[in-house]
Every structure is written in structure tokens, then in C-alpha cells.
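For the sequence shown, counting from 1, position 163 maps to 1236 in this note's numbering; every step adds exactly one. Here the structure is laid out as C-alpha cells; the discussion comes afterwards.
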Amino acid sequence: SRPCTSLCTMRAMPSRIYRVSGRAMSTTANTTNPAPRYSGIPTFFRAPLVDMHQCTPEELGAVDVGIMGVPFDDGATNAPGARFGPRGVRTSSVNNVRRYNQATDAAPFDLGLAIADLGDAHVSRPFELVGAHKEIEAHMSKVLDAGITPLSVGGDHSVSLPLLRALAKQRAGLPPPGLLHIDAHCDTGDDYGGSRFHHGAPFKIAVDEGLIDPLKTLQIGIRGSLAFPEVWAFSSASGMRVLCIDECFELGPRGVLDEVGRVMGGGSECYVSFDIDALDPAYAPGTGTPEVGGLSTHFAQQLVRGFGTGGLELDILGADLVEVSPPFDHAELTSLAGANILFELLCVTTQASARRARGAFRAGSS
């Protein structure tokens, strides 16, 4: 691990300037006399708002890394509420998360990248599941076509499917990436209640459609009781590496990362999907399908940090954080955990984006 660095020794790199609605905007905040964190209109990590629905193509194209909300939870099979996840995580990211990661020395806003809140990939017809997914896919395609590396905040886990579909279209002709899936559930089920497109099945469909490489997919933190033994059989049958929670605890974060490196390889192209129910309900009670006996927030932080600089240095093409459901958590613990995990994802994703800008990765290197 890297030593902690005093915040007083930090010097911000020159900020990148771009225009939003006719005004010059900076990617670097005022660090000499910043406004209180409890003031202002919340955006993810107080980043500039570049609303994908209102900005010009030139304004959207000036963004390097974009964070977008996906407030949709009609794919939930148990308890809805994750539609409020983006709003909860936004607010907690403003109130409780700062700009510098003292555990890893990562400073995502000081890499010379333009980071922005892109607004929400909202759905106009939420009660029609297939059509809603098409709308989300279209929003994601707009982001990818602008050359933006995306981080998305759901929403239930069904939203990962349209996000991956858009990524696959943008990468047409390239091998499918691997998947790092951190969750209590494998989400490789099938038809439930008359639909295959719920939050318990996105990754089976993703394999069926060739969106991800199952041989370079790891599912980490799996646990909980099942309706029947074969409910997640597709994961192992397709070649995914499933690490149930007991194995995770036996290996520890370093051992799990070693397994990621063995299966996926260092520097490999991948997509990261983090379901907040991977955490034990003691840390994240506000989620639709909580399972006891889960990861601690510290374990999860160490895991995500290992994907970046000084660790596996994975070529992260995009990531999502899903299933934060603020209505089930009066103390806002889950939004707090989600905002901090999202910050760790932002750190490693911006590191990957910066390496790509330097030509450190070879296209299609999965």
C-alpha cells in the first residue's frame, strides 16, 4: 500500500476548461476558498453539470469521464426504490466525499481529464420493460458516441444490460470485454414473472448476446438462500468464476485480486458492475434484496482499489453502481456507502482513461 500524503502538500494540476451553456467551466474546483459542501445544487462529487439532454454535441464531446444517473427500478423482483438511488448517491457524494484518495494517492480531478455529471438517463415509458431498456441503451450510446468513459448509477441491476448493449455496439468488431461483477447474487437467472429482463438475469442475457466474455467474468461476494439449487447454474456452466462469500473471506482482498489477475489478466479490458447488496446490510441496509453475511465497506474499497494503478491496472471501459434504495434506509448509510464506492470506481476508471490517452493499452486487449 502507498503511504498517506498530507493534503497540504497537494498541488492541483492546471484545470481543463470547456464551455457549458455559453459559460467557461473548469474541471478543477476552487481549492483555496471552496463553498461549503452543504451548499449549492448537488451533482456527483460537485463536478460540473453537462446535461446530456440539453447540452450541445460540442459540450458533450468536451467531457472525458461522465457520471450519469439511471433512475429506473421496474426490473426489481422484490422491493422497488432504487429509482431514487442516483439522487441519494449524488447528495451523499457532495456532503461526504472529497477529491483526494489518501489510501491510494489517487486524485481523479487532477489528471487533466474533464469529469462531469451528465444528468439522468431517464425513461419516458417506465412501465414497459423492454422499451425502457431501449431508452437507457440510447442514452448510453449518446454518451459513448461522444467518446466519454461512463460511470452509471442505478437503478436496479437490470439497467446493466442496456448499458452493456450500448458498449457492445460502440465496440463492434472487437472481442467482448470481461466483467467484474461484485454482488450478493449471480444475476444469471432466466424467466421470472413472465419476463427475462428483470434485475436477476442481466448477465445471462449479456452472455447469450455476446456482450461479455464469460471466461473472463468473475462474480464476487455471492451468498444467500436460494429458491432452488440450480438458480445460478448458468454462471458455472458458462465458465464464469464464481467466488462465494466464504471463499472471499478465506482469500481476503489480496487473494481475490490475485484470482482476478489469474482469470482476467492484468491490463485486460473489462466492465465493472457493483451491486450495493454485495455489502453486508450492516453497512448498506437500503437495498431491495439484502443478504446477511456480506462484505464490509473496507473489503470492497480494497478490492476496487486493486483494479487501478499499482494493482492490476485493468483497462476499465465503464462501470456501474446499482441497487441503492434510499427509501429503505432512514440514516442514509447506503447512499454514503454507495457514494464512497462510486468514488473508488471513479479513481480507477479515470486512471484507466488516462492510460488509454497515453496509449498504454492496446485496443481490443481483452
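Even glycine gets a Cβ: it sits at the ideal position worked out from N, Cα and C.
Could you check what DSSP says for aspartate 1350 in three-state terms: helix, strand or coil? The residue given as residue 1350 occupies position 277 in the sequence shown. Collapsing the DSSP output to three states places aspartate 1350 in a helix.
Nonlocal neighbours in the same chain, by C-beta distance under 7 Å from glutamate 1210, ignoring five residues either side: Along the sequence shown, read from residue 1 onward, the residue named residue 1210 stands at position 137. Closer than 7 Å at Cβ, skipping near neighbours: Pro1235, Arg1238 and Ala1239.
Rounded to the nearest angstrom, what separates histidine 1195 and valine 1143 at their Cα positions? Reading the sequence shown from its first residue, position 122 is the one you call residue 1195. Reading the sequence shown from its first residue, position 70 is the one you call residue 1143. Each residue's alpha carbon lies about 6 Å from the other.
Per the contact definition of three or more C-beta pairs closer than 8 Å, is the region 1199-1207 in contact with the region 1116-1123? The region 1116-1123 and the region 1199-1207 do not touch, with fewer than 3 CB-CB distances between them shorter than 8 Å.
Methionine 1125 - DSSP class collapsed to helix/strand/coil: Looking up residue 1125 in the sequence shown gives position 52. Under the three-state reduction of DSSP, methionine 1125 is assigned to coil, being neither helix nor strand.
Using three-state DSSP, classify alanine 1179 as helix, strand or coil. Start at 1 with the first residue of the sequence shown, and residue 1179 comes out as number 106. Here alanine 1179 sits in strand by DSSP.
Collapsed DSSP secondary structure at threonine 1100 in the structure displayed: As a first step, residue 1100 is located in the sequence shown; it is residue number 27 there, counting from the start. Residue confidence for threonine 1100 is low, a pLDDT of 49 falling below 50, so the modelled location carries little weight; the figure read from the coordinates is stated next. Coil, per DSSP.
So if DSSP puts serine 1223 in a beta bridge, which residue, or which two residues, is it bridged to? Translated into positions along the sequence shown, residue 1223 becomes position 150. Per the sequence shown, the amino acid found at residue 1223 is proline instead of serine. Answer is Gly1139, bridged to proline 1223.
Where aspartate 1256 sits in the DSSP three-state scheme: Taking the first residue of the sequence shown as position 1, residue 1256 is located at position 183. Note: aspartate 1256 maps to coil in three-state DSSP.
In angstroms with no decimal places, state the Cα-to-Cα distance between leucine 1316 and arginine 1335. Along the sequence shown, read from residue 1 onward, the residue named residue 1316 stands at position 243. Along the sequence shown, read from residue 1 onward, the residue named residue 1335 stands at position 262. Approximately 13 Å, taken between the alpha carbons.
Considering just the uninterrupted stretch of the alpha helix (DSSP H) at valine 1365, what are its terminal residues? Position 292 of the sequence shown, counted from the first residue, corresponds to residue 1365. Valine 1365: not part of any alpha helix (DSSP H); DSSP gives it neither H nor E.
Three-state secondary structure (DSSP) of glycine 1379: Residue mapping note: residue 1379 aligns to position 306 of the sequence shown, counting from 1. It is coil, neither helix nor strand.
Just checking my contact of leucine 1122 with alanine 1187 at CB under 8 Å: how many whole Å lie between their CB atoms? Mapped onto the sequence shown, residue 1122 falls at position 49. Mapped onto the sequence shown, residue 1187 falls at position 114. Going by Cβ atoms, the distance from leucine 1122 to alanine 1187 rounds to 13 Å, so no, they are not a contact pair.
Tyrosine 1071 burial status per 10 Å Cβ neighbour count (16 or more: buried): Nothing about residue 1071 can be read from this structure; the chain reaches only from 1074 to 1439.
Beta bridge counterpart(s) of cysteine 1343 as assigned by DSSP: Indexing the sequence shown from 1 puts residue 1343 at position 270. Here cysteine 1343 is bridged, per DSSP, to Gly1251 and Ile1389.
Using the rule of at least 16 other Cβ atoms within 10 Å of the residue's Cβ for burial, across every protein chain shown, is tyrosine 1111 buried or exposed? If you number the sequence shown from 1, residue 1111 lands on position 38. Tyrosine 1111 is exposed by the Cβ-count criterion.
Kindly confirm or deny that the region 1214-1225 and the region 1246-1266 touch, where touching means at least three C-beta pairs closer than 8 Å. With the rule of 3 Cβ pairs closer than 8 Å, the region 1214-1225 does not count as touching the region 1246-1266.
Range covered by the beta strand (DSSP E) that runs through aspartate 1193: As a first step, residue 1193 must be located in the sequence shown, where it is residue number 120. Aspartate 1193 -> beta strand (DSSP E) spans 1188-1193.
Beta-carbon within less than 6 Å of leucine 1330's beta-carbon, same chain only, minus the 5 sequence neighbours each way: which residues are those? The residue you call residue 1330 lines up with position 257 of the sequence shown. Contacts found: Gly1379.
Sort out for me which residues DSSP pairs glutamate 1395 with in a bridge. Numbered from its first residue, the sequence shown carries residue 1395 at position 322. Residue identity differs from the one stated: residue 1395 is valine in this sequence, not glutamate. Valine 1395 pairs with Asp1348.
Proximity to arginine 1198 [Cα-Cα], best of Lys1207, Gly1192 and Ser1311: Here residue 1198 corresponds to residue number 125 of the sequence shown, with the count starting at 1. If you compare the alpha carbons of Lys1207, Gly1192 and Ser1311 with that of arginine 1198, the shortest gap goes to Lys1207.
With the cut-off set at 9 Å, would you say aspartate 1229 and glutamate 1396 are in Cβ contact? On the sequence shown, residue 1229 is found 156 positions in, with the first residue counted as 1. On the sequence shown, residue 1396 is found 323 positions in, with the first residue counted as 1. Using a Cβ distance threshold of 9 Å, aspartate 1229 and glutamate 1396 count as a contacting pair.
Can you tell me the Cα-Cα spacing of alanine 1427 and leucine 1184, whole angstroms? Counted from its first residue, the sequence shown places residue 1427 at position 354. Counted from its first residue, the sequence shown places residue 1184 at position 111. Each residue's alpha carbon lies about 7 Å from the other.
Classification of threonine 1360 by the beta-carbon crowding that lies within 10 angstroms, buried from 16 upward: Within the sequence shown, numbered from 1, the residue matching residue 1360 stands at position 287. Residue environment analysis places threonine 1360 among the buried positions, since at least 16 neighbouring C-beta atoms fall within 10 angstroms of its C-beta.
Mapping the DSSP letters down to three states, classify valine 1196 as helix, strand or coil. Along the sequence shown, one-based indexing puts residue 1196 at 123. In this structure, valine 1196 counts as coil in the three-state DSSP scheme.
Report the CB separation of valine 1280 from valine 1226 in whole angstroms; it is logged as a contact under 8 Å. On the sequence shown, position 207 is the one that residue 1280 refers to. On the sequence shown, position 153 is the one that residue 1226 refers to. Rounded to the nearest angstrom, the Cβ distance from valine 1280 to valine 1226 is 24 Å, too far for a contact under 8 Å.
Report the CB separation of alanine 1412 from serine 1166 in whole angstroms; it is logged as a contact under 8 Å. Position 339 of the sequence shown, counted from the start, is the residue given in the question as residue 1412. Position 93 of the sequence shown, counted from the start, is the residue given in the question as residue 1166. Alanine 1412 to serine 1166, Cβ: 4 Å. Contact.
Taking the alpha helix (DSSP H) that isoleucine 1209 belongs to, which residues open and close that run? Along the sequence shown, read from residue 1 onward, the residue named residue 1209 stands at position 136. 1202-1218 is the span of the alpha helix (DSSP H), which, as asked, contains isoleucine 1209.
Look up glycine 1294 in the DSSP assignment and say whether it is helix, strand or coil. Walking along the sequence shown from the start, residue 1294 turns up at place 221. In the structure shown, glycine 1294 adopts extended strand secondary structure according to DSSP, grouped into three states.
I think proline 1400 touches glycine 1154, with their Cβ atoms under 8 Å apart; what is that distance to the nearest whole Å? Within the sequence shown, residue 1400 is the residue found at index 327, counting from 1. Within the sequence shown, residue 1154 is the residue found at index 81, counting from 1. Here proline 1400 really is in contact with glycine 1154; their C-beta atoms are around 4 Å apart, less than 8 Å.
When the Cα atoms are used, what is the spatial distance from leucine 1415 to valine 1421? Reading the sequence shown from its first residue, position 342 is the one you call residue 1415. Reading the sequence shown from its first residue, position 348 is the one you call residue 1421. Approximately 10 Å between the Cα atoms of the pair.
So the beta strand (DSSP E) arginine 1156 belongs to, where does it begin and stop? As a first step, residue 1156 is located in the sequence shown; it is residue number 83 there, counting from the start. From DSSP, arginine 1156 is part of no beta strand (DSSP E); its letter is neither H nor E.
Let me know the secondary structure DSSP gives leucine 1324 once reduced to three states. On the sequence shown, position 251 is the one that residue 1324 refers to. Note: leucine 1324 maps to helix in three-state DSSP.
Do you know offhand how far aspartate 1348's Cα is from alanine 1257's? As a working note, residue 1348 is residue 275 in the sequence shown. As a working note, residue 1257 is residue 184 in the sequence shown. For aspartate 1348 and alanine 1257, the distance between alpha carbons rounds to 8 Å.
Please state whether the Cβ-Cβ distance between aspartate 1286 and glycine 1251 is less than 9 Å. Taking the first residue of the sequence shown as position 1, residue 1286 is located at position 213. Taking the first residue of the sequence shown as position 1, residue 1251 is located at position 178. A contact, by the Cβ cut-off of 9 Å.
With distances taken between CB atoms, is the gap from leucine 1253 to leucine 1387 smaller than 9 Å? Position 180 of the sequence shown holds residue 1253. Position 314 of the sequence shown holds residue 1387. Closer than 9 Å, so yes.
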